[in-house]
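Counted from 1, the sequence shown has number 182 at position 182 by full-length UniProt numbering; the numbering is strictly sequential.
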Amino acid sequence: MVSSGQLAPAADAAPAPAATGIQAITLGDLNTDPAWRRPVLIGSDHLILVTGGHGTLEVDFRPFPCRPGTMFRVRPGQAVRRTDALDAVVVRWSPGALHGLDVDPDAVPTHTQLGGEDEEAVLNEVSQLVVDCRRHRGSGGESLLRHQLAVLLLRLTLTAAPAAGTEPRTFRRLCREVEHHYRYTRRVEDYADRLGCSVRTLTRACLAMTGRSAKQVIDERVALQARRLLAATDEPIARIGRYLGFPEPTNFGRFFSREVGLSPGAFRATGGRVAVPARIARPRPPHWTDRA
C-alpha cells in the first residue's frame, strides 16, 4: 500500500539497474506478461532499438510503426506496450550513469527511423555495448560502459534538428514547469508567474508549437498521467484522482471524460486500448515524463 496522495513508483518487470548501472536486455524482459495485455510503466531511462519484425510499439498509447532500425528514447514514467511480435535490444540506465559526462539524454529524438550511415553506426555501437555489458559486468568496466552510452546518445542527438527561436524555447520551458507541477496546479496564470512572462506569451508559444492553447497543453499532461495510471496499475480510481489534484472523484471523472471521451472506469476496462482523440494524439514534448 502507498500513503494517501502517493502512488507506487513506476517499475519495469526486469530488475532495475544499479545506481550508476547500464544494462542491455530484451523487449520481453520489460513485461512478465508475454501477451502484454496492458502497458508497463517504465521506471528508468531506456533506448529501444528494433532489430527484427514489423509491427507497432505503443508509447504513451500512441502506436508507432516499427521495422528494423526503428529507435525509441523512452523516459521514466512513460507507458510502453508491444502490440506485435518484435525483436528489440533495450539499453537502460539510471541517472548516475551519465554523471559528469557532457551529454543531454533529453536531446535524443523520442522516435526515429534510422537509415544509411546513421543506422550502421548506431547498430555497431549498440552491438558493442551489448557485448561489453555482458563481458564487463561487475569487472571494473563501468567507465567503459558509461562512455559508450554517452557516445551513442550523442550520435542519436545529431539526428535531431532542434527548433530555433523564442516560441520553441518558451514552450520547452513551460513543459518543464508543467512536468514538475501538473499535480498541483492547472492554472496558466501560475505557470506564467513561475516563468516570468504573460499568459498571452505562453498561449502564443503553445499555439505555434502544437496548435493548442496553454491550458489545453497543461490539461493534456494531467490526462496523460491519468491514462498511464489507469491502464498500467491497479490503483483505485479515487486515489489516482487525488494524486492528480482532484479531491473529489466526481471532478476527476468529469475532467477525464472531457479530455479522453470515456469515464476513468470505462477507459480502464479497455486496458487503454482505445482510440485517442486527435488533439491528444499529437506528438508531445520529449520531456513529458513523470519524475515525481
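C-beta: ideal position from N, C-alpha, C; glycine also.
Check, Outcome
"Can you name, in chain order, every residue of its own chain whose Cβ lies under 6 angstroms from the Cβ of ARG194, other than the five neighbours on each side?", "GLU177"
"Which of helix, strand or coil does DSSP assign to HIS180?", "helix"
"Looking only at its own chain, which residues have a Cβ that is under 8 angstroms from the Cβ of LEU230, when we skip the five neighbours before and after it?", "ILE237, ILE240, PRO264, PHE267, ARG268, GLY272"
"For the region 205-223 against the region 245-261, do three or more pairs of beta-carbon atoms, one drawn from each stretch, fall closer than 8 angstroms, so that the two count as touching?", "yes"
"According to DSSP, which residues form a beta bridge with ASP193?", "BP columns for ASP193 are empty, so no partner."
"Considering only the alpha carbon of each residue, which of ASP84, ALA24, THR270 lies closest to ARG146?", "ALA24"
"CA-CA distance, GLY21 and SER44?", "11 angstroms"
"Pull up the DSSP beta-bridge partners for PHE93, would you.", "Per the sequence presented here, residue 93 reads as Trp, with Phe not at that position. TRP93 pairs with ILE22, ASP45."
"Rounded to whole angstroms, what is the Cα-Cα separation between ARG200 and PRO34?", "48 angstroms"
"Can you tell which of PHE171, TYR184, LEU49 has the C-alpha that lies nearest to the C-alpha of GLU120?", "LEU49"
"What does DSSP give as the partner residues of PHE255 in its beta bridges?", "Bridge partners of PHE255: none, in fact."
"Using C-beta distances below 7 angstroms, list every residue in its chain close to LEU262, excluding the 5 sequence neighbours before and after it, in chain order.", "VAL274"
"Any idea if ASP84 is buried or exposed, counting beta-carbon neighbours within 10 angstroms, 16 or more meaning buried?", "exposed"
"Taking a contact to mean a Cβ-Cβ separation below 9 angstroms, would you say GLU125 touches VAL103 in this structure?", "no"
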